[in-house]
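Student: This is the structure I have questions about; it appears just below.
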Amino acid sequence: MDSYSPSEGNTGAQPEYAARELRDRTAESRAVQRGPIDLPFLLLTLLILTIGVIMVLSASFARAYYKENDATKYFVRQLFFAVAGVALMLVASRFNSSFYRRMAMPLLMVSLFLLALVPFFGTGKSQVGANRWFDLGITQFQPSEIAKVAIVLAFAHMICIYKNQMGTFKYGVVPFALILIVTVALLMLEPHISASVIVIALGAIMMFAGGTRWQYFAVGIVVVGLVGYLVVTKMAYASSRITAWLDPWSDPLDSGLQTIQSLYAIGSGGLLGVGLGQSRQKYMYLPEEHNDFIFPIACEELGFVGAMLILVLFALLIIRGYWLAIHSRDRFGALVIVGITSKLAIQVFLNVAVVTNLVPCTGISLPFFSYGGTALLVQLVEMGIVLAISREIPLRKRKNEENGEK
Amino acid sequence: MILRRTLVLAVVCGIVAFSVLAVQLYNIMIRDHDFYEEKAIRQQTRTVAVAASRGTIYDTNGRTLAKSATAYTVFISPYEIQLYSTKEYKPKEIHYGDDPELIASGLERILGADHDKLLEQMKDTKSWYKTVATKIEADLADEVRAFIDEYNLAGVHIEEDSKRYYPNGDLACHVIGFVGTENYGLEGIEALYDERLEGTNGSVVRLVAQNGTEMLFENYQNYNDAIDGNDLTLTLDCNIQAIAEKYLQQAMEANYIQNGGCVIVMNVKTGEILALANANSYDLNDPWALPEEVQEQLALIPDEEERSAARTAALMAQWRNMAVSDTYEPGSVFKIITMAIGLEEGVVKENDNFYCGGKIPVGGIPGRITDLNCWKHAGHGNQTLREAAMHSCNVAFANIGMKIGAEKYDEYVEAFGLMRSKTGVDLSGEAASQWWDKKYFEDPNNMSSLTSAAFGQTFNVTPIGMITAVSAAVNGGYLMEPYIVKEVRNEDGEVVYSKEPTVVRQVISEETSALVADILESVVGDKGGTGSNAYVPGYRVGGKTGTTTKTTIEVAENRKEYMVSFCGVAPCDDPEIAVLLVLDNPSSESGIYIGGGQMAAPYVGMIMSEVLPYLGVQPIYTAEEEALLDVTVPRLTNLDLLSARLKAQEMGITLREVGEGDEITAQLPSPGAQIAAGSQMIIYLGQSAPQEEVTVPDLTGMTVNQARNVLQNLGLFLDTAGASPAISGVKVASQIIDSGQTVPYGAVIQVTLVDSSNLGRY
Numbered sequence: 003m004d005s006y007s008p009s010e011g012n013t014g015a016q017p018e019y020a021a022r023e024l025r026d027r028t029a030e031s032r033a034v035q036r037g038p039i040d041l042p043f044l045l046l047t048l049l050i051l052t053i054g055v056i057m058v059l060s061a062s063f064a065r066a067y068y069k070e071n072d073a074t075k076y077f078v079r080q081l082f083f084a085v086a087g088v089a090l091m092l093v094a095s096r097f098n099s100s101f102y103r104r105m106a107m108p109l110l111m112v113s114l115f116l117l118a119l120v121p122f123f124g125t126g127k128s129q130v131g132a133n134r135w136f137d138l139g140i141t142q143f144q145p146s147e148i149a150k151v152a153i154v155l156a157f158a159h160m161i162c163i164y165k166n167q168m169g170t171f172k173y174g175v176v177p178f179a180l181i182l183i184v185t186v187a188l189l190m191l192e193p194h195i196s197a198s199v200i201v202i203a204l205g206a207i208m209m210f211a212g213g214t215r216w217q218y219f220a221v222g223i224v225v226v227g228l229v230g231y232l233v234v235t236k237m238a239y240a241s242s243r244i245t246a247w248l249d250p251w252s253d254p255l256d257s258g259l260q261t262i263q264s265l266y267a268i269g270s271g272g273l274l275g276v277g278l279g280q281s282r283q284k285y286m287y288l289p290e291e292h293n294d295f296i297f298p299i300a301c302e303e304l305g306f307v308g309a310m311l312i313l314v315l316f317a318l319l320i321i322r323g324y325w326l327a328i329h330s331r332d333r334f335g336a337l338v339i340v341g342i343t344s345k346l347a348i349q350v351f352l353n354v355a356v357v358t359n360l361v362p363c364t365g366i367s368l369p370f371f372s373y374g375g376t377a378l379l380v381q382l383v384e385m386g387i388v389l390a391i392s393r394e395i396p397l398r399k400r401k402n403e404e405n406g407e408k
Numbered sequence: 023m024i025l026r027r028t029l030v031l032a033v034v035c036g037i038v039a040f041s042v043l044a045v046q047l048y049n050i051m052i053r054d055h056d057f058y059e060e061k062a063i064r065q066q067t068r069t070v071a072v073a074a075s076r077g078t079i080y081d082t083n084g085r086t087l088a089k090s091a092t093a094y095t096v097f098i099s100p101y102e103i104q105l106y107s108t109k110e111y112k113p114k115e116i117h118y119g120d121d122p123e124l125i126a127s128g129l130e131r132i133l134g135a136d137h138d139k140l141l142e143q144m145k146d147t148k149s150w151y152k153t154v155a156t157k158i159e160a161d162l163a164d165e166v167r168a169f170i171d172e173y174n175l176a177g178v179h180i181e182e183d184s185k186r187y188y189p190n191g192d193l194a195c196h197v198i199g200f201v202g203t204e205n206y207g208l209e210g211i212e213a214l215y216d217e218r219l220e221g222t223n224g225s226v227v228r229l230v231a232q233n234g235t236e237m238l239f240e241n242y243q244n245y246n247d248a249i250d251g252n253d254l255t256l257t258l259d260c261n262i263q264a265i266a267e268k269y270l271q272q273a274m275e276a277n278y279i280q281n282g283g284c285v286i287v288m289n290v291k292t293g294e295i296l297a298l299a300n301a302n303s304y305d306l307n308d309p310w311a312l313p314e315e316v317q318e319q320l321a322l323i324p325d326e327e328e329r330s331a332a333r334t335a336a337l338m339a340q341w342r343n344m345a346v347s348d349t350y351e352p353g354s355v356f357k358i359i360t361m362a363i364g365l366e367e368g369v370v371k372e373n374d375n376f377y378c379g380g381k382i383p384v385g386g387i388p389g390r391i392t393d394l395n396c397w398k399h400a401g402h403g404n405q406t407l408r409e410a411a412m413h414s415c416n417v418a419f420a421n422i423g424m425k426i427g428a429e430k431y432d433e434y435v436e437a438f439g440l441m442r443s444k445t446g447v448d449l450s451g452e453a454a455s456q457w458w459d460k461k462y463f464e465d466p467n468n469m470s471s472l473t474s475a476a477f478g479q480t481f482n483v484t485p486i487g488m489i490t491a492v493s494a495a496v497n498g499g500y501l502m503e504p505y506i507v508k509e510v511r512n513e514d515g516e517v518v519y520s521k522e523p524t525v526v527r528q529v530i531s532e533e534t535s536a537l538v539a540d541i542l543e544s545v546v547g548d549k550g551g552t553g554s555n556a557y558v559p560g561y562r563v564g565g566k567t568g569t570t571t572k573t574t575i576e577v578a579e580n581r582k583e584y585m586v587s588f589c590g591v592a593p594c595d596d597p598e599i600a601v602l603l604v605l606d607n608p609s610s611e612s613g614i615y616i617g618g619g620q621m622a623a624p625y626v627g628m629i630m631s632e633v634l635p636y637l638g639v640q641p642i643y644t645a646e647e648e649a650l651l652d653v654t655v656p657r658l659t660n661l662d663l664l665s666a667r668l669k670a671q672e673m674g675i676t677l678r679e680v681g682e683g684d685e686i687t688a689q690l691p692s693p694g695a696q697i698a699a700g701s702q703m704i705i706y707l708g709q710s711a712p713q714e715e716v717t718v719p720d721l722t723g724m725t726v727n728q729a730r731n732v733l734q735n736l737g738l739f740l741d742t743a744g745a746s747p748a749i750s751g752v753k754v755a756s757q758i759i760d761s762g763q764t765v766p767y768g769a770v771i772q773v774t775l776v777d778s779s780n781l782g783r784y
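In order, the protein sequences belong to chains A and B. The first sequence begins at 3 in this note's numbering and counts up by one. The second sequence begins at 23 in this note's numbering and counts up by one.
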């Protein structure tokens, strides 16, 4: 039952919803009364970010010392982007949701345009030789990061437009599928499997939340599965990843290296870990230890207890995100928060799944932890968007809700 | 719909997904923790062995015989040299100066390593370890270290190692033995006690980064302390060993010994070996070096394989410890044993009469009776047991053997530890004696075995076995287990093993033993005794000569090769030490009559004359002996003429005064020198001694008086050793400085006196 749509059969007298519907319709035309940003979400974000930056210092200093002769090189840069990111997050939290809704479609167009340019003008630094970055001098910038946010905003916007036709194939599937196909096609030109996986998953979650019917997902899963199978079998590097996933020890010095070294690091942690800063696997045994494989270092140093604490913090942040979505003032805001929160969840899940060899190895960074300037900025701006929308939840209602929960 | 589906997402993404991850993490981090940690640590650690310090070997006085000291190994890492000398790998700020040419020439300059070979080694860039030099001393290692620092080299390394030092060179080389390059004992005590000496190596486990360098902050270190090896204290006494080696060498040279020779000094009461030496000595610090003449002979062998085999054989011969590893026919020395058995069994008495007509028929059954000849074909006539021993009469001892009977004889020889067992001495490579099968020996048909055994022929024993049996015969009858290691201490100085004198069994009674010692004293000290050349004035030395022709060589090659020996014991009223000298194959070219009495006895006497005073045995001289003692030259140059004359008179030295005046400006010989009694000293008044050279005359064959006078006329002095000048008929048998050589005016010429009045192969 869709509580947002009395027209879809909700005849119960619920003045609150009626008022919200009214606000929905007028949201774009007038300023809403805004409360404070959601403090738990903000604090959880800052707490995770702080732990993440500390872990970058711990994980990176060995490589930075040996290879760059500057033990704090990565840390200082990450700290700079973290501070800048928090500032941008706070700036982003000042905007209305209507601003983001206006930005949705243009941002999608821009990100698709940039994705189209990357294969030709981008630079590659990944081991498979893919071009995924724009070199902006002081930092490098990955258009796929923008594309993910753009998909969230655009889909939220589109769902709001088609809110009454989402059950149909024509409106509930086709436009979304087209955008996804174009985006994924562009990503595969690079090629960039992990971003494709996230974009598809993200799009699917948006459509699911927006009301696309179950049956279409079943068909979609079959289609994506087939395409995925083809990709995995036809692309040499993808298939080697599968082999390495099934048995990392079949090629311990090459394709299985990362996974094996990751498992060594995680397994070394035990219950309480070897202690913060004391990781041994970070001494160049584990590749990408400050990047995609920062979580194994956290496991090694902080142990099962520390790793679970980090995951619980993520889980709390994600659940708080969905809580905010449920309580957000309008449909667009709810969908945007669902998208951003889900994106966070997907990234955390896939990253940890990769490093624990639950899924085949692919380059997915851990939000707030992995070293990388633009990714962190984008991540924090996304949190800023969630916080911006959280401000529009009426204070009184939130209070009531919380009292009621107690 | 959004609310419901969002709730679904919240559950899936917020709870289910994290639960899956939690389970996976639990499996890896808790369930499989040990598996992964073990593998991780294996790749993260390097284990470096910490060498245990090998124990020190001391002589009985605590003097060091063998010790280990730190040495260094220099090695290069071609991998690192290649890595740090290529352009691609240059970390900022750190500049490594690795350059193959620079390293090769530097190491050639410091260590003398082969420049081209080094460059060749560096081509193997996968290797981390190529040895350049081993066991180098600290100063060279410091130079290499300075070289590394100067150019900041990443690929040249120094490792600690240890090196074995033998401060006394070749002294007691066959006893001590030596170690190989890996510091494992290869010979002697070093090999036999290797386990105790080597200790247990420790290890240091270090954490290293993947590029091989040490981790910045080590948080995992595992020290396994090395346990140093035990220290050994031997019964061996360096001073006695040096005395024994000195006289063994003199005996070898004077008698033209063509094969080997060995000497053992044993404490008869305890079985402690005080000295043990073989003539084929070598420098323990360089055991693989062969004497020059051997090398020259090897160089003549054209075939490389043959040369290599010959070289190995030469080394094995050089390292062979004849005193325990070889057997010989003991000859008349064995009469000590026969006599002891006869007296103990009561079949002979001290004063029994033995007639020797020069030969005796032996053999069990008619037709196989052969004559057994005494060494003195004319025969010894009527004699008592004591006299028969003094004469070393073969006929008398063959008779004693027959009186004892084969069965008893066999029993006793076994009880003396001379067959069917080894002495059990803790020296490597002890050989077993060769004795007849019991049944064969006891068969009356083989009576000749018994009769020849009775005077020590046609069977073989080891020198260590022989001296151990003689010790038992004179020490009260107790067969002792000979030993050389008396104490073992661990690295904290605690005694972990201590050998006490071990009585294997009592073979004869104390009374019999005392009588045997007494008779042996007669052999040396009484007029007509065949051991007179071992006589030491002031001491009660006893002993027995031995001379055999080697049966195997005589039978196979129809030529005679002799083995001469002498076994002495002293003091005979309460024996302390036994000395056995065995000389293999002397040459008649020496001019000395081939026989133990002429060739071996004088040197045993000389060893006794130094060892007994060293052991604190007080000499008791007869008046006659006292007058013939060597004189120690006093210092007269610091005295006025009158006092000098008085002092000389006191000491029984005559003075020859050269020059005028009251001031003694020089004297000959120098103070402290030993000169023969009756020598005349020269003092110079107001002038210095002549600086001329004098040619040494040939003194052999002269009496003491003749020799002293000849030397005195040349301005030289006589010092005698060997048989006592008191024995009538002693003559100079050899001299330390050969005739024809030149010495400074006033030098002391040492000669060995031998009593040659009673020649024979006894």
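Backbone N, C-alpha and C fix where the C-beta goes; we use that ideal spot for every residue, glycine too.
1. What are the boundary residues of the beta strand (DSSP E) that includes Phe463/B?
2. Is the CB-CB distance between Leu440/B and Ala491/B below 8 Å?
3. Work out the CA separation of Val435/B and Thr569/B for me, nearest whole Å.
4. Would you call the stretch 377-397 of chain A in contact with the stretch 286-296 of chain A, where contact means no fewer than 3 C-beta pairs closer than 8 Å?
5. Could you say which of Ser90/B, Thr349/B, Thr654/B and Thr722/B lies nearest to Ser612/B if we only look at CA atoms?
6. What did DSSP end up calling Ala420/B once you bin it into helix, strand or coil?
7. Kindly indicate the opening and closing residues of the alpha helix (DSSP H) around Gln46/B.
8. Exposed or buried, which one is Pro362/A when buried takes at least 16 other CB atoms within 10 Å?
9. Against Phe351/A, what residues of chain B qualify as contacts under a CB-to-CB distance less than 9 Å, listed in chain order?
10. Hey, which unbroken runs of the beta strand (DSSP E) at 3 residues or more fall wholly within the stretch 489-556 of chain B?
11. Use the C-beta contact count for Ser750/B: other C-beta atoms within 10 angstroms, 16 or more gives buried, fewer gives exposed.
12. Exposed or buried, Trp397/B, counting other C-beta atoms within 10 Å across all chains shown (16 or more means buried)?
13. Is the shortest distance between the beta-carbon of Leu25/B and the beta-carbons of chain A less than 8 Å?
14. At a threshold of 7 Å, does Ser264/A count as lining the ligand FMN (C-beta to nearest heavy atom)?
15. Hey, would you say Leu668/B sits closer than 8 Å to Met703/B, going by beta carbons?
16. What does the Cβ neighbour count give for Ser41/B, buried or exposed, with the cut at 16 atoms within 10 Å?
17. Mind reading off the beta-carbon distance from Ser587/B to Val601/B? Whole number of angstroms is fine, and I expect it under 8 Å.
18. What residues in the stretch 296-314 of chain B have a beta carbon less than 8 Å from any beta carbon of chain A?
19. Would you grab the beta carbon distance between Ala267/A and Ser281/A for me? Rounded to a whole angstrom, and I think it's under 8 Å.
20. Within 10 angstroms of the Cβ of Thr445/B, are there 16 or more other Cβ atoms? Answer buried if so, exposed if not.
21. Output needed for Thr28/B: all residues of its chain with C-beta closer than 8 Å, excluding positions within five of it in sequence on either side, in chain order.
22. Give a yes or no on whether the minimum CB-CB distance between His233/B and chain A is below 8 Å.
23. What did DSSP end up calling Ala276/B once you bin it into helix, strand or coil?
24. From which residue to which residue does the beta strand (DSSP E) around His179/B run?
25. Let me know the secondary structure DSSP gives Cys378/B once reduced to three states.
26. Would you list the residues sitting across from Val120/A in a DSSP beta bridge?
Tutor: Reading it off the structure:
1. To locate residue 463/B, count along the second sequence from 1; it is residue 441. Premise fails: Phe463/B lies in the alpha helix (DSSP H), Lys460 to Glu464, not in any beta strand (DSSP E).
2. The residue you call residue 440/B lines up with position 418 of the second sequence. The residue you call residue 491/B lines up with position 469 of the second sequence. It is a contact, given that the beta carbons lie within the stated cut-off.
3. Along the second sequence, read from residue 1 onward, the residue named residue 569/B stands at position 547. Along the second sequence, read from residue 1 onward, the residue named residue 435/B stands at position 413. The alpha-carbon atoms of Thr569/B and Val435/B are separated by roughly 20 Å.
4. no
5. By one-based count along the second sequence, residue 612/B stands at place 590. Minimum Cα distance to Ser612/B is reached at Thr722/B.
6. Working through the second sequence from its first residue, we reach residue 420/B at position 398. Three-state result, Ala420/B: helix.
7. Indexing the second sequence from 1 puts residue 46/B at position 24. Ala39 to Tyr48 is the span of the alpha helix (DSSP H), which, as asked, contains Gln46/B.
8. Counted from its first residue, the first sequence places residue 362/A at position 360. Pro362/A is buried by the Cβ-count criterion.
9. What you label residue 351/A is simply residue 349 of the first sequence in a count that begins at 1. Near Phe351/A (Cβ distances below 9 Å), the residues of chain B are Cys35, Ala39, Phe40, Val42 and Leu43.
10. 500-502, 507-511, 517-520 and 525-528
11. Position 728 of the second sequence holds residue 750/B. Exposed: under 16 other Cβ atoms inside 10 Å.
12. Sequence index remark: in the second sequence, residue 397/B carries index 375 (1-based). Buried.
13. As a working mapping, residue 25/B is identified with position 3 in the second sequence. So yes, Leu25/B belongs to the interface.
14. The ligand FMN is not part of the structure shown, which contains no ligands of any sort.
15. Counted from its first residue, the second sequence places residue 668/B at position 646. Counted from its first residue, the second sequence places residue 703/B at position 681. No, the pair does not count as a contact, with Cβ atoms beyond the cut-off.
16. Translated into positions along the second sequence, residue 41/B becomes position 19. Ser41/B is exposed by the Cβ-count criterion.
17. For this step, residue 587/B is matched to residue 565 along the second sequence. For this step, residue 601/B is matched to residue 579 along the second sequence. Between Val601/B and Ser587/B the Cβ distance is about 11 Å, and since that is not below 8 Å, they are no contact.
18. For the stretch 296-314 of chain B, which is checked against every Cβ of chain A, not one residue is closer than 8 Å.
19. What you label residue 267/A is simply residue 265 of the first sequence in a count that begins at 1. What you label residue 281/A is simply residue 279 of the first sequence in a count that begins at 1. Their Cβ separation, rounded to whole angstroms, is 7 Å, which keeps Ala267/A and Ser281/A in contact under 8 Å.
20. Locating residue 445/B in the second sequence gives position 423, where the first residue counts as 1. It counts as buried.
21. In the second sequence, the residue the question calls residue 28/B occupies position 6. Around Thr28/B: no qualifying Cβ.
22. If you number the second sequence from 1, residue 233/B lands on position 211. A small correction: the amino acid at residue 233/B is Asn; His does not occupy that position in the sequence shown. Judged by the 8 Å Cβ criterion, Asn233/B is in contact with chain A.
23. For the purposes of this step, residue 276/B is taken as residue 254 along the second sequence, with counting starting at 1. DSSP places Ala276/B in helix when its eight states are reduced to three.
24. Walking along the second sequence from the start, residue 179/B turns up at place 157. First-last of the beta strand (DSSP E) with His179/B: Val178 to Tyr187.
25. As a first step, residue 378/B must be located in the second sequence, where it is residue number 356. Cys378/B falls in the strand class under three-state DSSP.
26. Taking the first sequence and counting its residues from 1, one reaches residue 120/A at position 118. Partner(s): none; Val120/A has no beta bridge.
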